[in-house]
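Asks: Pasting in a structure now, in structure tokens, and then I'll have a few things to ask.
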Amino acid sequence: FRSTWVENNLSYPHAATLQWEVPVNGGDKMMDVFWYSGGIRPRTPKFLKKEGKGMPQEGVMFVGEKGAILADYGYGNPMLYEAGKASEKAASIPIPEVQLMDQTTEMIRSFKGGKASRGSYPNAQAIAEAICLGNLAIRMDQRLEWDNENLEVTNVPEANEFVRRKCREGWEI
17 FRSTWVENNL
27 SYPHAATLQW
37 EVPVNGGDKM
47 MDVFWYSGGI
57 RPRTPKFLKK
67 EGKGMPQEGV
77 MFVGEKGAIL
87 ADYGYGNPML
97 YEAGKASEKA
107 ASIPIPEVQL
117 MDQTTEMIRS
127 FKGGKASRGS
137 YPNAQAIAEA
147 ICLGNLAIRM
157 DQRLEWDNEN
167 LEVTNVPEAN
177 EFVRRKCREG
187 WEI
């Protein structure tokens with residue numbers, strides 16, 4: 017076994033795999049969420065191998081107890097797999113009519129009193145927090161346990177110095 021890991025406090029690695037355990041619908045049951053970056057991809061699932069297909073270069077994959085959904089980056093061209101086979105059911109599922117627009121147009125419309133953009137603070141908070149925690153876990157090179165109520169890492173106290181900055185005297189809140 018050979019590792020190319022070099023401890024480095026200046027920059028992040030070229031590639032990483034992160035795993036989060038998140039509650040399902042706010043309950044006690046937990047779900048694993050993985051993030052692959054830098055060209056690392058999950059193993060090709062058996063249902064794709066059976067069809068002679070490989071993993072796409074980029075995209076999203078949701079794997080559940082009864083099947084899986086595989087889609088392009090941005091959720092285009094979704095494919096539903098049930099019991100390891102591409103499902104005909106996917107074609108019969110009505111797709112909601114959604115007006116797609118670029119981020120700038122969406123942002124300007126929301127400023128003018130329209131529907132909140134998909135990137136609004138309430139919508140983006142959870143994913144932004146998860147990505148920041150993932151980067152912190154890379155920096156600390158270990159598993160972190162996060163207290164969402166108190167906004168702190170509970171198992172690696174030294175990680176908390178990166179969660180909040182120390183304000184200069186007279187600038188505290």
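Numbering of the sequence shown is given in my numbering, commencing with residue 17 and proceeding in unit increments.
Don't be surprised by glycine CBs; every beta carbon is placed ideally from N, CA and C.
1. In the DSSP assignment, find the unbroken alpha helix (DSSP H) run with GLY150 in it and report its ends.
2. Could you check what DSSP says for ILE31 in three-state terms: helix, strand or coil?
3. Roughly how many whole angstroms lie between the Cα atoms of SER136 and GLY92?
4. Whose CA, out of ALA144, ARG159, PHE178 and ARG59, lies closest to the CA of GLU37?
5. Could you compute how far the alpha carbon of LEU96 sits from the alpha carbon of SER108?
6. Have a look at ALA84 and ALA99 and give me their C-alpha separation to the nearest angstrom.
7. Could you tell me if SER27 is buried or exposed, where buried requires 16 or more neighbouring beta carbons within 10 angstroms of its beta carbon?
Replies: So, to answer that:
1. 137–156
2. Strictly speaking, residue 31 in this sequence is Ala, with Ile absent from that position. In the structure shown, ALA31 sits in coil (DSSP, three-state: anything other than H, G, I, E or B).
3. 22 angstroms
4. ARG159
5. 11 angstroms
6. 9 angstroms
7. exposed
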